[in-house]
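Here this note's numbering = 1-based position in the sequence shown + 5.
Cβ coordinates follow ideal geometry from the N, Cα and C atoms, glycine included.
Please read these numbers as outputs of a predicted model, since none were measured by experiment.
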Amino acid sequence: MATSVQNRLHPSLANAVSRCRRAFLLVGIFSGLINVLALTGAIYMLQLYDRVIPSHSTPTLIALTIIMVVLYAGYGLLDYARTRMMTGIGMRIERTLRDDIHAAVLLLPLRSRTAGDGLLPVRDLDQIRSFLSGPGPTALFDLPWLPFYLALVFMLHPWLGAVGTAGAVVLLALTMLTEIRSRKLASDAVKSGTERQATAAGQHRNAETIRALGMTGRVNLLWARLSEAHLADQARASEMVALYGTISKVIRFVLQSAVLGLGAWLVIQGQATGGIMIAASIMISRALAPVEIAIANWRGFVSARQSAARLSAVLHSLPQAADVTTLPKPTAKLAVSDLWVAAPGEAKPILQGVAFELAAGDGLGIIGVSASGKSTLTRALVGAWTPMRGTVRIDDATLDQWPPDELGAHVGYLAQEVELLEGTVAQNIARFDPEAPDEWIVGAARPAGVHEMILHLPEGYETRVSDRGTGLSAGQRQCIALARALFGDPFLVVLDEPNSNLDADGDAALSRAIQSVRQRRGIVVVVAHRPSALAGLDKVLVLAGGRVQAFGNKDEVLRQATKPPPAAAAASGSRLTVITDN
Ligand SMILES: Nc1ncnc2c1ncn2[C@@H]1O[C@H](COP(=O)(O)OP(=O)(O)O)[C@@H](O)[C@H]1O
Ligand SMILES: [Mg+2]
């Protein structure tokens, strides 16, 4: 599968490259001029030996020297411009792709199991850009000029050309060898690097636990082992570059001198002049120099290609952005039918055949033991996870009929593990809408019971928080996230264990918030671990093992659930504990 994807460059990647076609063409033309101008040294030398020295003409020498300086200056300008153009191409490709790649980074964890920290696509794009602005690509542009130089040397003398060609063949074979060996080395290094990165990030997130439980030494060993593996991969790659790089350099030096030697012999035989001897040596050296640079940078070339293939695969896995019609603001109901949901990239369903319906103004409590699928259901309700089968409909439209960012405006969601985003408290509550009216922000903070708390923060609503909520307690974070869920009065508000970190005041504020959503004819769904959190709700759904065990009016369901279970259902007595513990 990997190869078929590799062979098929994703259209937006191909498009990004083809948008640079003119720039690439210019680089090609510049490379041609550069390679012609690079002959300056050889021709100058030829003229000195064969014209200036025999004729003892100082004016000729001065004229030739002026021409030589001008030509080399032109060479320098073109070379500089070419490198800058390649940097520009890299930046353009990055700009063209970065939105798609960013979208992919945010979507992939919802669709599949992602390796490492999930940021490999971003690093891949970096890899391509930095390769393009390095010395590698220009060497690749110079490589095709090798036959041109060899032809010139042939014109100087066939034997000299033959020796040069033999050397070039050896060096090109070396390049192919580098190519073959680099492929595996480069992908190994990416794999071990990703693993190392993910481990470091995870340990960093858990610094407190690691310290408290005395695991520093052990996780350190783990890190050292992964680092060692990554270093070994890197070392193997550098070793290969060093070996082949040195061989190519030695071959070039030997060849350069061998051509001199052969030239000298030809001079002795009266078949060539001293100028030809020196010029041929310079040309051979110049012809083979790009091969050396190419070998030295081949790893970057292979890595960039592998990055492009991975990006292509990632982009292929993104759904085509369909033209979705904007739907009216929902007002009536939420209907779930025969809903089967698995975790991203998993085949085993967590939820099996969940079905229920809520109308505007309803408040549903979802209860069930740990791992019964409550959080999974909330993720499906807000469209974060895609159902394997069945539908979630808001006002008769399935969630995927809404453009995702528009659906978001009608949805409030508080995840079980609260994370804020890097930014101010106000930005977080306003979901980073730069045009959010301040009344809306305060209007969301008040019912969440955090307005006063926020005012007491060092900079009030402008206090900066990090994604891990630095400077805030878990309860404060939860309340701010609740305000974010309520922001903009969304039709459907889904709260996953919103009171897990709340005190009595917080609990009271939460029930008021729930009431206010219901009063304005929204729908609120609350995952509750404690029955006390059911205050303010009128319906209850009991989940067990991913299936609906009971659904209906709160009082009725609770009454049934607290009745002694029939002998046959005694095994599911756990639901009793869920509902009666307090
Ligand atoms: N990202 C995930 N990948 C794989 N399995 C998951 C994932 N999230 C949850 N699960 C599994 O789904 C089941 C239900 O989890 P969850 O919905 O979080 O339960 P609850 O919220 O009721 O405690 C658990 O068995 C859990 O292991
Ligand atoms: Mg949960």
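Are three or more beta carbon pairs between the segment 239–256 and the segment 174–188 nearer than 8 Å?
With a cut-off of 8 Å, the segment 174–188 and the segment 239–256 count as touching, because enough Cβ pairs lie within range.
Could you name each continuous alpha helix (DSSP H) segment of 4 residues or more that falls completely within the segment 524–576, going from the start of the chain to the end?
Within the segment 524–576, the complete alpha helix (DSSP H) segments of 4 residues or longer fall at 559–567, listed in chain order.
Closest by C-alpha distance to G454, when choosing among Y154, A518, Y77 and D401
The residue you call residue 454 lines up with position 449 of the sequence shown. Among Y154, A518, Y77 and D401, the Cα nearest to that of G454 belongs to A518.
To the nearest angstrom, how far is the alpha carbon of A263 from that of L44?
Sequence index remark: in the sequence shown, residue 263 carries index 258 (1-based). Sequence index remark: in the sequence shown, residue 44 carries index 39 (1-based). Rounded to the nearest whole angstrom, the C-alpha separation of A263 and L44 is 20 Å.
Straight-line gap, E444 to S505 (C-alpha atoms, nearest Å)
As a working mapping, residue 444 is identified with position 439 in the sequence shown. As a working mapping, residue 505 is identified with position 500 in the sequence shown. Straight across, the Cα-Cα distance linking E444 with S505 is about 28 Å.
Would you say S375 touches ligand 1, meaning its beta carbon is less than 7 Å from a heavy atom?
Start at 1 with the first residue of the sequence shown, and residue 375 comes out as number 370. Yes.
Can S117 be considered in contact with ligand 1, in the sense that its beta carbon sits closer than 7 Å to one or more heavy atoms?
Taking the sequence shown and counting its residues from 1, one reaches residue 117 at position 112. Within the chosen limit of 7 Å, ligand 1 does not reach the beta carbon of S117 with any heavy atom.
Enclosing alpha helix (DSSP H) for T396 [first to last residue]:
Translated into positions along the sequence shown, residue 396 becomes position 391. Segment R394 to I399 is the beta strand (DSSP E) holding T396; no alpha helix (DSSP H) there.
Length-filtered (4 minimum) alpha helix (DSSP H) runs lying within the segment 41–82
As far as the segment 41–82 is concerned, its whole alpha helix (DSSP H) runs of at least 4 residues are 45–52.
Burial state of T381 (16 or more Cβ within 10 Å)
In the sequence shown, residue 381 corresponds to position 376, counting from 1. Around the Cβ of T381, a 10 Å sphere holds 16 or more other Cβ atoms; the residue is buried.
Just to confirm my understanding: we take Y249, look at its own chain, exclude 5 residues before and 5 after, and list those with CB closer than 6 Å. What are they?
Position 244 of the sequence shown, counted from the first residue, corresponds to residue 249. Within the same chain, Y249 has close Cβ partners L179, T183 and I300.
Is H321 near H15, with beta carbons less than 8 Å apart?
The sequence position of residue 321 within the sequence shown is 316, counting from 1. The sequence position of residue 15 within the sequence shown is 10, counting from 1. Yes.
Just tell me which of L539, N302 and A203 has its CA closest to the CA of W228.
Your numbering for residue 228 matches position 223 in the sequence shown. Here the closest residue by C-alpha is A203.
Looking only at its own chain, which residues have a Cβ that is under 7 Å from the Cβ of E411, when we skip the five neighbours before and after it?
For the purposes of this step, residue 411 is taken as the residue at position 406 of the sequence shown. Counting only Cβ-Cβ distances below 7 Å, and skipping sequence neighbours, we find T331.
For the 8 Å Cβ check, are there 3 or more pairs between the segment 334–350 and the segment 18–33?
Too few Cβ pairs lie closer than 8 Å, so no.
Assigned exposure category for S23 - 16 Cβ within 10 Å defines buried:
Residue 23 sits at position 18 when you count from the first residue of the sequence shown. Classification for S23: exposed.
Enumerated in chain order, which unbroken segments of the alpha helix (DSSP H) with a length of 4 residues or greater are wholly contained in the segment 449–498?
Runs found: 456–460 and 479–491.
Which residue comes first and which comes last in the alpha helix (DSSP H) that contains Q311?
In the sequence shown, counting from the first residue as 1, residue 311 sits at position 306. Taken as a continuous stretch (DSSP letters only), the alpha helix (DSSP H) holding Q311 covers W303 to S322.
Euclidean distance between Cα positions of A533 and S138:
Stepping through the sequence shown from its first residue, residue 533 is reached at position 528. Stepping through the sequence shown from its first residue, residue 138 is reached at position 133. Cα-Cα distance, rounded: 55 Å.
Does any heavy atom of ligand 1 sit closer than 7 Å to the C-beta of I372?
Taking the first residue of the sequence shown as 1, we reach residue 372 at position 367. In this structure, I372 has its beta carbon at no less than 7 Å from each heavy atom of ligand 1.
Cα-Cα separation, S17 to L102:
As a first step, residue 17 must be located in the sequence shown, where it is residue number 12. As a first step, residue 102 must be located in the sequence shown, where it is residue number 97. If you take the alpha carbons of S17 and L102, they lie about 7 Å apart.
T585 to Y418 span [Cα, whole Å]
Indexing the sequence shown from 1 puts residue 585 at position 580. Indexing the sequence shown from 1 puts residue 418 at position 413. Because the pLDDT at T585 is just 39, under 50, the model does not fix this residue reliably, and the value given afterwards should be weighed accordingly. Rounded to whole angstroms, T585 to Y418 spans 27 Å at the Cα level.
Among residues of its own chain, excluding the 5 on either side of N302, which ones have a beta-carbon nearer than 7 Å to its beta-carbon?
For this step, residue 302 is matched to residue 297 along the sequence shown. Correct list, in chain order: G139, P140, G141 and A144.
Using C-beta distances below 6 Å, list every residue in its chain close to V545, excluding the 5 sequence neighbours before and after it, in chain order.
Along the sequence shown, read from residue 1 onward, the residue named residue 545 stands at position 540. Apart from sequence neighbours up to five positions away, the residues of its chain that approach V545 with a beta-carbon distance below 6 Å are G370, K559 and V562, ordered along the chain.
Are there any heavy atoms of ligand 1 lying less than 7 Å away from the beta-carbon of E351, as far as the coordinates show?
Walking along the sequence shown from the start, residue 351 turns up at place 346. Yes, the Cβ of E351 comes within 7 Å of a heavy atom of ligand 1.
How do the segment 343–352 and the segment 426–438 stand: do at least 3 beta-carbon pairs fall below 8 Å, yes or no?
With contact defined as three or more Cβ pairs closer than 8 Å, the segment 343–352 and the segment 426–438 are not in contact.
Alpha carbon to alpha carbon, what distance is there between N211 and M220?
Position 215 of the sequence shown holds residue 220. Position 206 of the sequence shown holds residue 211. Distance between the alpha carbons of M220 and N211: 11 Å.
Going by Cα to Cα distance, which pick from I434, A566 and D122 is closest to K196?
The count along the sequence shown starts at 1 and reaches residue 196 at position 191. For K196, the closest alpha carbon among the candidates I434, A566 and D122 is that of D122.
Spatial distance of S342 from A360 (CA atoms)
In the sequence shown, the residue the question calls residue 342 occupies position 337. In the sequence shown, the residue the question calls residue 360 occupies position 355. Approximately 4 Å between the Cα atoms of the pair.
Excluding sequence positions up to five away, which residues of its chain have a Cβ less than 6 Å from the Cβ of A285?
Here residue 285 corresponds to residue number 280 of the sequence shown, with the count starting at 1. Annotation for A285: V158, L161, L165, V264 and G268 place their beta carbon closer than 6 Å to its own, counting only its chain and skipping 5 residues before and after.
Run the proximity test for I355: is its beta-carbon closer than 7 Å to any non-hydrogen atom belonging to ligand 4?
Of the ligands this structure carries, namely ligand 1 and ligand 2, none is ligand 4.
Under 8 Å, with one C-beta from each stretch per pair, do the segment 520–532 and the segment 489–501 reach the 3-pair mark?
At 8 Å Cβ cutoff, the stretches touch.
Please state the DSSP three-state secondary structure of E362.
Start at 1 with the first residue of the sequence shown, and residue 362 comes out as number 357. Collapsing the DSSP output to three states places E362 in a strand.
Report the rounded CA-to-CA distance for A312 versus H209, giving the unit in angstroms.
In the sequence shown, residue 312 corresponds to position 307, counting from 1. In the sequence shown, residue 209 corresponds to position 204, counting from 1. The sequence given here has Ser at residue 312, not Ala. Taking the straight line joining both Cα atoms gives about 27 Å.
Kindly examine ligand 2 and report whether one of its heavy atoms sits closer than 7 Å to the Cβ of E424.
Along the sequence shown, read from residue 1 onward, the residue named residue 424 stands at position 419. No, ligand 2 has no heavy atom inside 7 Å of this Cβ.
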